[in-house]
Every structure is written in structure tokens, then in C-alpha cells.
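Notes for the one structure printed next.
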Amino acid sequence: MVPTYQASETSSSGESLSAAELGEPLISEAIKSLSRASTYGIDRINPDGHWMGELLSSTTITSEHVFFRQTLGLDLLEDGDAFRTYLLGQQNLDGSWSIAPDYPGDVSTSSEAYLALKILGVAQSSPIDKALYKLGGLKYNPLRPYSRKVAVSWIIERQEKEGDWAGIIPPMHQGIQALTLEGYKVTDPVVQAGITAIERFAWQDVNGKRIQACLSPVWDTVFMIRALCGAGPESVIDHNDRRIRQAVKWTKEQQILGPGGDWRIYQPDLAPGGFAFEYNNTWYPDVDDTAVAILAFLDQNPQAVETASVATAANWILGMQNSDGGWAAFDYDNDKLFLNRIPFSDMGALCDPSTADVTGRILEAFGLMIRCSKTEHIAPNLLEAITTISDKGITFLAKTQEADGSWYGRWGSNYIYGTSNALCGLTYFHDKSCLVRDLMRPAIAWLKRVQNEDGGFGEELITYKTPSPALRGVGESTASQTAWGLMGLLTVVGPNDRYAKSAVGYLVNTQVEISGGGRSWPERKYTGTGFPGHFYLGYSLYRHCFPMIALGRWIKIVKGAKEKSARGGFETRWSGQ
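Just so it is clear: in the sequence shown, position 419 is 419 by the UniProt record's numbering, and no numbers are missing.
In C-alpha cells, the structure reads:
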């Protein structure tokens with residue numbers, strides 16, 4: 001049994017480290033854990049070289065899909081039992097449905113699930129009151145016919161040749177419904193293509209059939225490449241394995257170099273080069289996926305810094321930096337937050353302002369490019385640009401750091417995610433200025449304060465609704481959040497740090513056998529964020545990729561310290577104290 005390492009004071013990271021201090025049983029078990037995890041990962045690659053796990057969300061997407069098929073007169077009998085099984089299986093004990101596991105019941109989500117089940121033929125168990133409201137219609141407007149014509153043209157122009165819109169279900173449902181309201185028939189090619197595309201979002205197993213909000217092939221693939229390459233010798237394959245090279249090739253083929261893209265509205269002269277999260281989404285690449293693609297390419301082969309794929313991706317990211325020095329996910333300077341107060345902005349997400357988590361990821365990608373430039377050739381003008389731009393990103397992180405040392409996480413839950421991303425970016429620049437160290441020091445202290453007694457990290461989604469400092473970083477430990485916490489710690493602490501060892505012990509102790517081969521980590525809670533406070537995501541590969549990345553980094557640091565100790569040297573990682 002691996003000992004559980006409890007968090008207490010930090011050991012010195014400036015001394016030679018003995019095998020006993022490093023904890024040989026923990027090292028040995030961590031190596032085994034990483035090797036077994038790599039088996040699980042490589043066994044689940046698709047034949048063409050990419051990964052895609054199920055993307056979990058609330059029942060709303062499936063409920064609305066039932067509405068969609070009902071309104072279009074499409075058959076619901078064939079999949080009715082599977083939809084019912086899924087919807088009933090997600091109901092809480094109090095009769096409600098939630099927007100995420102272990103989250104309070106939500107009226108809107110519950111209403112949609114109830115109506116979907118009624119449409120699917122589930123009898124009500126008790127009478128319910130019905131209220132009818134008479135709503136006033138739209139007043140006459142001479143511009144309305146023209147506006148509708150323009151809207152239809154806009155919708156059709158943005159449909160992918162495969163039938164998708166933006167790679168996510170809501171605009172696909174609504175786009176088709178809008179077209180049918182404007183006179184298109186269900187049998188028309190544009191509508192049929194959309195209906196066929198929607199069916200590709202279905203996921204069915206013993207728990208029933210559900211519709212995923214979107215698909216995550218690029219996101220899952222680049223993180224799995226990072227996880228397997230970062231595992232080093234502990235992986236069942238090395239970074240030059242045919243399957244890894246095939247995954248890199250598949251990812252490069254997803255780069256968007258065409259003339260489309262709504263990001264061009266504010267940056268019309270910027271050359272394309274981004275990557276999207278999904279299949280079939282050439283209109284909306286995002287900065288975050290593009291940064292992780294760069295990181296994956298360089299993890300697999302540092303010489304990739306010389307390739308056109310990396311250069312065009314980096315140049316696109318450079319052009320998407322906002323005026324405040326940070327980066328958003330999709331847009332440039334889309335930060336007019338007063339728009340979120342418009343009544344129909346029910347999720348408060350009409351804007352796409354800069355965020356710390358995305359900015360940290362960009363700094364990590366640019367920092368790794370700068371490091372690779374020490375041994376590989378990179379165009380001098382590009383190197384100068386990313387160096388200068390990175391300084392502005394660091395300044396943005398300085399402006400957005402919370403008083404307790406943490407950073408808000410827009411796309412992952414929550415302050416643990418934001419803080420980890422910021423630290424993983426800043427670490428490449430920690431020897432450049434005192435400012436960076438001054439930012440990292442309180443962030444590390446915050447991570448140590450919020451670490452759970454079991455060695456893990458956890459944080460509840462309620463922090464998006466109630467952003468109290470007392471709730472930040474507080475929650476039941478999960479595999480993905482523990483990995484984020486450990487990744488953040490390892491940007492500063494040495495291999496003998498007890499907080500880091502405690503997190504490693506948690507990951508080793510909680511790994512389980514998976515049917516089909518290898519080992520992974522269980523995770524019921526959602527740790528991904530779609531719309532804060534409204535829509536959350538459970539990435540089924542987060543629980544696997546991030547623990548692999550974190551364990552790989554810790555093992556690499558341990559081995560480096562042991563080699564230095566054997567040579568009579570000492571560990572040089574700065575203590576962060």
C-alpha cells in the first residue's frame with residue numbers, strides 16, 4: 001500500500017536529496033500508475049489517430065432534442081426507450097433534475113426533462129396544474145421581412161459542408177427550426193444535412209441515449225498527446241511511436257486555413273491558423289485549442305517549432321491578443337459587458353473577454369516555443385513578437401490575480417483551474433523579472449492552503465454562483481482538480497515537497513482498474529465549464545489526461561533531482577518562499 005502523504009510544512013528544495021527523502025515506494029508506485037494509465041490511453045485511440053471521449057452535460061440538450069424532433073414531426077419511437085432510460089436515470093431523489101451532478105435541482109432543467117418525458121409517453125404520477133399565458137405578438141415593422149431574409153442567408157452561409165453549425169448542438173437545433181419556420185421543408189437538403197449531423201452527437205450505452213452538447217476530438221487528442229509524451233520512459237510507447245505520430249498528423253490536418261471565420265470581423269487582415277474544439281467547425285476556431293495544439297506538437301518533437309503549423313498557429317494567437325493584454329477564447333476585444341444585461345442574455349455570455357486561464361495557456365505555449373528556440377531555429381521576428389507579447393500577458397495576469405493569490409477559471413472549475421493555468425504559463429518566465437515571482441509566490445501558498453487532507457484538490461461549481469473567497473478551492477477531491485493543483489505546485493516546488501507528494505499519493509491511491517485494459521481514475525463531478533452558473537461539462541478524458549500529465553512532471557523532476565544528487569549536485573528549483 002502506498003503511504004498517504006499529508007500536507008504539512010515544505011521541505012527545503014535546495015539540498016541534495018537522498019532516496020529515503022524522495023520516498024522510493026511512492027516513486028515506484030507513481031511510475032507503475034503512469035505506465036498503466038498510458039496503456040488505458042493508447043488502447044482508446046481511434047483508427048485514424050485521434051481520441052474523443054464522451055462530453056457529459058445536463059439533460060437539457062437531450063430534452064431539447066426531443067422537442068426538436070417533435071416539432072419537425074420526426075420519429076421518436078425508435079429511440080424512445082433509450083431517451084427515457086437516460087432522462088429518468090438522471091433524476092434526483094427529490095424529483096428534480098440538476099445542471100451537474102451533486103448540484104441543487106434546477107427549475108428550468110427539470111421542466112424541460114419533464115416535458116420531454118411526457119412527449120416520450122411517460123405518464124404523470126400525479127395531477128399538475130397548468131397555467132396559460134397570453135403573450136402579445138410582434139408589432140408590424142417594415143424591416144422585418146428583410147431582416148428575416150438576411151438572417152436566413154447568414155445561417156445557410158455558416159453551415160459546414162457536413163451539415164454542422166459551429167460544432168455545437170444549440171445552433172444546430174435552432175438553425176434548422178429557423179429554416180423550417182421560413183418555409184424550408186424537412187426534406188430539403190440543407191435541413192436533411194443538419195438532421196444527419198445532429199445524429200452524430202448521440203451517445204448510447206446501458207444508461208440510455210443522450211445527445212452531447214458538442215464533440216471534443218481536437219481538445220481530447222492534443223491533451224492525450226501531451227499526456228503520453230509527458231509520461232516519458234514510463235509510457236508503454238515513446239513519443240516517436242507510430243500512433244503518436246499519427247495523432248500529431250491528424251491534429252495538423254484539423255488546422256483551419258480557409259477564408260471563413262467570424263473572428264475576421266474585428267481582425268480582417270489577420271492570417272488564419274487556428275484550431276477548433278470540434279469536428280466540422282471552420283467558422284469558430286479558438287485560441288485555447290490552438291495553444292494546446294502547439295504544446296502537443298512541441299512535446300512530441302521540439303523541432304516542430306520550425307514547422308509552418310506552429311508558426312501559423314502562433315501568428316494567429318498573436319493577432320488575437322486583446323487590448324488589455326490577455327486572451328479570450330474566440331474573439332478579439334469582445335468585452336462590452338453591458339450587453340450581458342440585455343434580457344434575452346439569459347446566460348450572461350454575449351461577450352468573450354480576456355480570461356486568466358486562457359492567457360496562462362498562451363504563455364505556456366509561447367514560453368515553450370522560446371525554450372525550444374535555444375536549440376531549434378525559429379524565425380527571429382516571430383521569436384521577438386512572442387517575447388514582447390508575453391510581457392503584456394504577464395501584466396494582464398498581474399491585474400487579474402485575486403487578493404488571496406488565486407486566479408478565476410472561466411473554462412474549468414474554477415480557481416484551482418485558473419490558478420494552475422496561470423502558474424503553468426508564468427513558470428517559463430520566472431527568472432525574467434521579480435514581478436513573475438511575486439505573482440507565483442502567493443498562488444503557490446493558496447494552493448497549499450486549500451489542499452484537502454487526503455492529498456487531493458477539489459472545488460465545487462457553486463463558486464460560480466457564490467464567488468466567496470471562503471469557498472474557493474473547497475470541495476471533495478477529484479482526479480482532474482488534483483492534477484491541476486499538482487501541476488501548479490510543480491511550477492515552483494521541488495520533488496521532496498510534501499504537498500506535491502501528498503497529491504501524488506492521492507492520484508496513485510485512487511487509480512482503478514478499467515475493463516478493457518489499463519487503469520484510470522473515477523470522477524463523477526463535472527469540472528468543465530460551458531457557461532458559468534448555467535451550463536457545466538464533464539469531460540470524460542479530463543480524469544485521465546491531467547493526472548497523467550501531473551504524474552509525468554513529478555516523476556521527471558524526481559529523476560532530475562536524483563541524477564543531480566548522484567553527481568554531488570543539488571536541486572536548483574526555486575522554493576517560492
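Idealized CB from N, CA, C, for every residue including glycine.
- A direct Cα-Cα distance of roughly 25 Å separates L489 from N301.
- Going by C-alpha positions, P104 is about 40 Å away from G494.
- Excluding five sequence positions before and after W446, the CB atoms of its chain that fall closer than 6 Å to its own CB belong to D404, G405, S406, given in chain order.
- Sixteen is the threshold: when 16 or more other Cβ atoms of the shown chains lie within 10 Å of the Cβ of Q159, as they do, the residue is buried.
- V492 and P353 have their alpha carbons spaced roughly 29 Å apart.
- Setting aside the 5 residues that flank it on each side, E112 is surrounded in the same chain by T60, S63, each with a C-beta closer than 6 Å to its C-beta; the list follows chain order.
- In the DSSP assignment, A202 falls outside any alpha helix (DSSP H) and lies within the beta strand (DSSP E) extending over 202 to 205.
- Under the criterion of beta carbons closer than 8 Å, S235 and S38 qualify as touching, at roughly 4 Å.
- Per DSSP, Y536 lies in no alpha helix (DSSP H) segment; the continuous beta strand (DSSP E) that holds it begins and ends at 535 to 539.
- When beta bridges are read from the DSSP output, L55 appears opposite Y539.
- For K562, the secondary structure class from DSSP, reduced to helix, strand or coil, is helix.
- The beta-carbon distance between N281 and A166, rounded to whole angstroms, is 6 Å. This is short enough to meet the 8 Å contact definition.
- Annotation for R210: the continuous beta strand (DSSP E) segment containing it runs 208 to 211.
- Excluding the 5 residues flanking it on each side, F396 has same chain C-beta neighbours closer than 7 Å at D324, G325, G326, S354, T359, in chain order.
- C-alpha of G183 to C-alpha of T196: approximately 19 Å in a straight line.
- As DSSP reads the structure, F344 sits in no beta bridge.
- With contacts defined by Cβ atoms closer than 8 Å, G232 and T85 do not form a contacting pair.
- A straight-line Cα-Cα distance of about 8 Å links F297 and V310.
- With contacts defined by Cβ atoms closer than 8 Å, S413 and L471 do not form a contacting pair.
- Secondary structure note for T529: its beta strand (DSSP E) is the uninterrupted segment 528 to 531.
- Where P469 is concerned, there is no enclosing alpha helix (DSSP H), because DSSP gives it neither an H nor an E.
- The continuous alpha helix (DSSP H) containing A443 extends over residues 434 to 450.
- One Cα belongs to V191, the other to Q177, and the distance between them is close to 9 Å.
- Within the stretch 227 to 288, the complete alpha helix (DSSP H) runs of at least 4 residues fall at 242 to 252.
- Each of L76, Q511, V292 was checked against the Cα of R210, and the nearest Cα belongs to L76.
- Three or more beta-carbon pairs separated by less than 8 Å are not found between the stretch 416 to 430 and the stretch 374 to 381, which leaves the two stretches without contact.
- For the pair A247 and M52, the Cα-to-Cα distance works out to about 12 Å.
- G194: member of the alpha helix (DSSP H) spanning 189 to 199, first to last residue.
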